[in-house]
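A.B. asks: Heads up: the sequence shown at position 526 corresponds to 527 in the numbering used here, and the numbers run straight through without jumps.
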Amino acid sequence: MAFTNMQHSENPFLQLDIGCDALESLLDYTYTRECTLTLDNINRIIDAAKLCQMTSLFQYCCEYLMNNLNDENIFHLYNFAKIHSNSKLLYVTYEYLMRNFIKIIKINKSFFELSIEQLIELISNDDLNIRNEENLFDACIKWIDYDIEKRKSFITQLIHNLRLGLIPIQLFITKIKQHSYIKDNDECKPIIGETLRLLYKLDNDGLMDTDIDCPFIRPRHAHEMIFAYGGWSGGNATSMLEAYDIRADKWTVVSTDQVPPRAYHGCITVGNKMYVIGGFDGIEYFNSCRTFHLIDRIWNEIAPMNERRCYVSVAYLNGLLYALGGFNGHVRQNTAEKYLFETNQWSTICPMHVQRSDASACTLNDLVYICGGFDGQECLQTAEYYNPITNQWTMIQPMRSRRSGVGVIAYHGSVYAIGGFNGTSRLNTGERYNPTMNTWRPITDMFHPRSNFAIEILDDLMFTIGGFNGLTTISNVECYDDTTDEWYDIADMNLFRSALSACVVDGLTYTKIFLYSNETSIVHNHSTSFTPLPVIRTTNVGQRTTPSLTVRLPPITLTSLNQSLRNFTHGGIQ
Numbered sequence: 002m003a004f005t006n007m008q009h010s011e012n013p014f015l016q017l018d019i020g021c022d023a024l025e026s027l028l029d030y031t032y033t034r035e036c037t038l039t040l041d042n043i044n045r046i047i048d049a050a051k052l053c054q055m056t057s058l059f060q061y062c063c064e065y066l067m068n069n070l071n072d073e074n075i076f077h078l079y080n081f082a083k084i085h086s087n088s089k090l091l092y093v094t095y096e097y098l099m100r101n102f103i104k105i106i107k108i109n110k111s112f113f114e115l116s117i118e119q120l121i122e123l124i125s126n127d128d129l130n131i132r133n134e135e136n137l138f139d140a141c142i143k144w145i146d147y148d149i150e151k152r153k154s155f156i157t158q159l160i161h162n163l164r165l166g167l168i169p170i171q172l173f174i175t176k177i178k179q180h181s182y183i184k185d186n187d188e189c190k191p192i193i194g195e196t197l198r199l200l201y202k203l204d205n206d207g208l209m210d211t212d213i214d215c216p217f218i219r220p221r222h223a224h225e226m227i228f229a230y231g232g233w234s235g236g237n238a239t240s241m242l243e244a245y246d247i248r249a250d251k252w253t254v255v256s257t258d259q260v261p262p263r264a265y266h267g268c269i270t271v272g273n274k275m276y277v278i279g280g281f282d283g284i285e286y287f288n289s290c291r292t293f294h295l296i297d298r299i300w301n302e303i304a305p306m307n308e309r310r311c312y313v314s315v316a317y318l319n320g321l322l323y324a325l326g327g328f329n330g331h332v333r334q335n336t337a338e339k340y341l342f343e344t345n346q347w348s349t350i351c352p353m354h355v356q357r358s359d360a361s362a363c364t365l366n367d368l369v370y371i372c373g374g375f376d377g378q379e380c381l382q383t384a385e386y387y388n389p390i391t392n393q394w395t396m397i398q399p400m401r402s403r404r405s406g407v408g409v410i411a412y413h414g415s416v417y418a419i420g421g422f423n424g425t426s427r428l429n430t431g432e433r434y435n436p437t438m439n440t441w442r443p444i445t446d447m448f449h450p451r452s453n454f455a456i457e458i459l460d461d462l463m464f465t466i467g468g469f470n471g472l473t474t475i476s477n478v479e480c481y482d483d484t485t486d487e488w489y490d491i492a493d494m495n496l497f498r499s500a501l502s503a504c505v506v507d508g509l510t511y512t513k514i515f516l517y518s519n520e521t522s523i524v525h526n527h528s529t530s531f532t533p534l535p536v537i538r539t540t541n542v543g544q545r546t547t548p549s550l551t552v553r554l555p556p557i558t559l560t561s562l563n564q565s566l567r568n569f570t571h572g573g574i575q
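#1: Which of helix, strand or coil does DSSP assign to PHE464?
#2: Return the first residue and the last residue of the beta strand (DSSP E) that ASP246 is part of.
#3: Note down, in chain order, each residue of its chain lying with its Cβ closer than 7 angstroms to the Cβ of THR94, except the 5 sequence neighbours on either side.
#4: With a threshold of 16 other CB atoms inside 10 Å of the CB of LEU40, please say whether the residue is buried or exposed.
#5: For GLY326, which of ILE371, CYS363 and LEU341 has the nearest alpha-carbon?
#6: Taking the alpha carbon of SER426 as the reference point, which residue from ARG451, LYS176 and ILE456 has its own alpha carbon closest?
#7: Using a Cβ-Cβ cutoff of less than 6 angstroms, which residues in the same chain neighbour GLN575 once the five nearest sequence positions on both sides are dropped?
#8: Could you compute how far the alpha carbon of GLU432 sits from the alpha carbon of LEU172?
#9: Pop quiz: GLY283 and ALA238 are said to be a contact at Cβ under 8 angstroms. What is the actual Cβ separation, rounded to whole angstroms?
#10: Taking the Cβ atom as the reference point for each residue, do ARG404 and ALA418 lie within a distance shorter than 7 angstroms?
#11: Looking at LEU496: is its Cβ nearer than 7 angstroms to the Cβ of CYS480?
#12: Once you ignore the five residues that flank CYS62 on each side, which residues in its own chain have a CB closer than 8 angstroms to its CB?
#13: Measure how close the beta-carbons of MET226 and LEU516 come, nearest whole angstrom, since I'm counting them as under 8 angstroms.
#14: Are there 16 or more other CB atoms within 10 angstroms of the CB of SER502, so buried, or fewer, so exposed?
#15: Taking the Cβ atom as the reference point for each residue, do ILE108 and ASP146 lie within a distance shorter than 7 angstroms?
#16: According to DSSP, is GLU135 part of a helix, a strand, or is it coil?
#17: Kindly indicate the opening and closing residues of the alpha helix (DSSP H) around GLN60.
#18: Do you know whose CA, among MET396, LEU159 and TYR245, lies nearest ALA455's CA?
#19: Between ARG298 and GLY279, is the Cβ-Cβ spacing less than 7 angstroms?
#20: Can you tell which of SER57, SER125, PHE293 and GLU35 has its C-alpha closest to the C-alpha of LEU242?
#21: Which one or two residues does DSSP pair with PHE281 in a beta bridge?
#22: Rounding to the nearest angstrom, what Cα-Cα distance links ILE466 and TRP252 in this structure?
#23: Starting from TYR434 and walking both ways along the beta strand (DSSP E), at which residues does that stretch end?
#24: Taking the beta carbon of VAL536 as the centre, do at least 16 other beta carbons fall within 10 Å, making it buried, or is it exposed?
#25: Let's test the definition: count the other Cβ atoms within 10 Å of the Cβ of THR473 and tell me whether it reaches 16, buried, or not, exposed.
#26: Which partner residues of ILE92 appear in the DSSP bridge assignment?
#27: Nearest CA to the CA of PHE281: which residue from ILE514, CYS504, ALA500 and ILE192?
#28: For ASN335, I'd like the list of residues in its chain whose CB is within less than 8 angstroms of its CB, leaving aside the five on either flank, ordered along the chain.
#29: Does the beta-carbon distance from ARG248 to PRO220 come in below 7 angstroms?
#30: Examine the ligand HEM and report whether any of its heavy atoms sits within less than 6 angstroms of the Cβ of ILE444.
#31: Check the DSSP bridge columns for ARG333 and list the partner residues they point to.
#32: Quick check on the DSSP output: the beta strand (DSSP E) that includes ASP490 runs from which residue to which?
#33: Mark LYS339 as exposed unless 16 or more other C-beta atoms lie within 10 angstroms of its C-beta, in which case mark it buried.
#34: Assuming PHE81 is part of the alpha helix (DSSP H), what are its boundary residues?
#35: Can you tell me whether LEU381 is helix, strand or coil according to DSSP?
#36: Does the distance from the CB of GLN382 to the CB of MET400 come in under 7 angstroms?
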């Protein structure tokens, strides 16, 4: 009963301060388990539900709030969840706030109403999703400027809670040390001096094993990571799984149950599972598929495909997983099929115009694109797309180069085809397809030529991972920023391998399991202040080519030996 624990007096009537519209909603919910909720009435109904101790209605209202969470109401809902101790709403609002903090404070004026204690609680949090620490400094300055006379004295407390060692040394000197709030502030001098000593030491000595607990350089937690699974290494297939932390620029080997090795497969994450499709182990060409549960770390088999597919291309679109082309041990295939998760069944779709193994696929604008590959005779430069509504394939403008073992991915409204093998050499070239103009245009060359590599989008950057350079399998990783048309070197994987596949795993729940469950005390040498979100993303094997002369670093998180010698473009809060 709603009123079981209420105190009664001698008065037989109980007077409740509930408006008519809220009371009507309470009655609707009591009889139907539903009521009309809007942003206008939600507070009144929540108050009424609390007053009447209707826990299920209160949870019903919290579900509504979670579904209507946005940048403008996040501070209000986060505080609401803390006040009412609603763990589910608190988790959702916390993760949303941590992930989108810089974007939120650009438009949410509630940021300027935070107390100094609330602001410090946020900026000191390891889970804060910050690409460039100087952006957080900009935010603190704007918070001070909102009420400068009362807040200027807080500058020491604020910079004490920033990861100042993650800022490039030249930028630190010009932007932080010389700031008018800091340069003549005696309380700030010890912090500035200690940070400078650390940055100079890193410049002179390099990043030797450095205590990660040092508050100035401890990397914040990533909210998404790349999984790189399987591949071909040392003449054999492998089952190694590695996770990449973009904030620490570090690859971590993930321990799982032992499963048979697999190469030339496809990989995708959907919900809380990673799906591994087809492939080859050196002997057998697989039609089998397996899943890796991200919470339980357990491997399971799912329904096999209708055909064996090694060198397969995979894509995900509108709740369906597509497996395209490949090699069955006898012929290169033009067949394709789709997987329905609800029924655990594969069914065939219209075949492609061209037989393709060693191709790569992606989805863009509700279409599935596949590019390049090998037809058994020659490396291909053709490309086509599949329309699920019409169940038809349509040829598009051919690529500028033949590319087998290519990496294909959708990035900022374009289809990118990177690397591969043209029949003569491994490529480091790349090109971008404009679906509106039906044209391909070249992009800056990669540092390393590669084919049969993994490709993914992480933190708004395009990553190319491992592969074969024409002589050997490689562990090199680099990323591309289309806003600058430049490539950046990234930390190497732990294993040299080609024929691997990768996917993005999204969410603090998972990164804390695989990256931070045993916080190490060492910052690895690969840290470079890297400047650079699925929830569902796919990749398969692809290729690359020769190095570029570009040497600018990207946006990651830790300050490296050479940071002060590089040019950076850092955007503040506008």
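Beta carbons are placed, not taken as given, at the ideal position from N, Cα and C, and that holds for glycine.
C.D. replies: Reading from the atomic positions:
#1: In the displayed model, PHE464 falls within a strand according to three-state DSSP.
#2: 237–246 is the extent of the beta strand (DSSP E) around ASP246.
#3: Around THR94, the same chain offers LEU70, ILE75, LEU78, TYR79 and ALA82 as residues with beta carbons nearer than 7 angstroms, after the five sequence neighbours per side are excluded.
#4: Exposed.
#5: Comparing Cα positions, the closest option is ILE371.
#6: For SER426, the nearest C-alpha among the options comes from ARG451.
#7: Unreliable positioning characterises GLN575 in this predicted model, as indicated by a pLDDT of 30, which lies under 50. A coordinate reading is not provided.
#8: Looking at the two C-alpha atoms, the distance is approximately 34 angstroms.
#9: Contact between GLY283 and ALA238 holds, since their C-beta atoms are separated by about 5 angstroms, short of 8 angstroms.
#10: In this structure, ALA418 lies closer than 7 angstroms to ARG404 by Cβ.
#11: The Cβ atoms of LEU496 and CYS480 lie no closer than 7 angstroms to each other.
#12: Cβ-Cβ distances below 8 angstroms link CYS62 to LEU38, ILE43, ILE46, ILE47 and ALA50 in the same chain, with the five nearest sequence neighbours on each side left out; the list follows chain order.
#13: Right, their Cβ atoms sit about 6 angstroms apart.
#14: When all chains shown are included, SER502 counts as buried.
#15: Cβ atoms of ILE108 and ASP146: not closer than 7 angstroms.
#16: Here GLU135 sits in helix by DSSP.
#17: Looking at the DSSP string, the run of the alpha helix (DSSP H) that includes GLN60 is 56–68.
#18: For the residues MET396, LEU159 and TYR245, the minimum Cα distance to ALA455 belongs to TYR245.
#19: Contact: no.
#20: Ranking the options by Cα distance to LEU242, first place goes to PHE293.
#21: BP columns for PHE281 point to ALA264 and TYR286.
#22: Rounded to the nearest angstrom, the two C-alpha atoms are 11 angstroms apart.
#23: That run of the beta strand (DSSP E) goes 427–435.
#24: Legend: pLDDT at VAL536 = 30, less than 50; position of this residue unreliable, value from coordinates given subsequently. So VAL536 ends up on the exposed side.
#25: It is exposed - the Cβ of THR473 has fewer than 16 other Cβ atoms within 10 Å.
#26: The sequence shown places Tyr at residue 92, not Ile. Answer is none; TYR92 lacks a bridge partner.
#27: Of the listed residues, the one whose Cα sits closest to PHE281 is ALA500.
#28: Short of 8 angstroms from the beta carbon of ASN335, and not among the five residues preceding or following it, lie these beta carbons of its own chain, in chain order: GLY326, PRO352, MET353, HIS354, VAL355, GLN356 and ARG357.
#29: Contact: yes.
#30: The ligand HEM is absent from the structure shown, which contains no ligands of any kind.
#31: Looking at the DSSP assignment, ARG333 forms a beta bridge with PHE328.
#32: Run containing ASP490: 487–491, per the beta strand (DSSP E) assignment.
#33: Buried.
#34: Segment 75–85, the alpha helix (DSSP H) holding PHE81.
#35: The three-state secondary structure of LEU381, taken from DSSP, is coil.
#36: Judged by beta-carbon spacing, MET400 lies within the 7 angstroms limit of GLN382, meaning their Cβ atoms are closer than that value.
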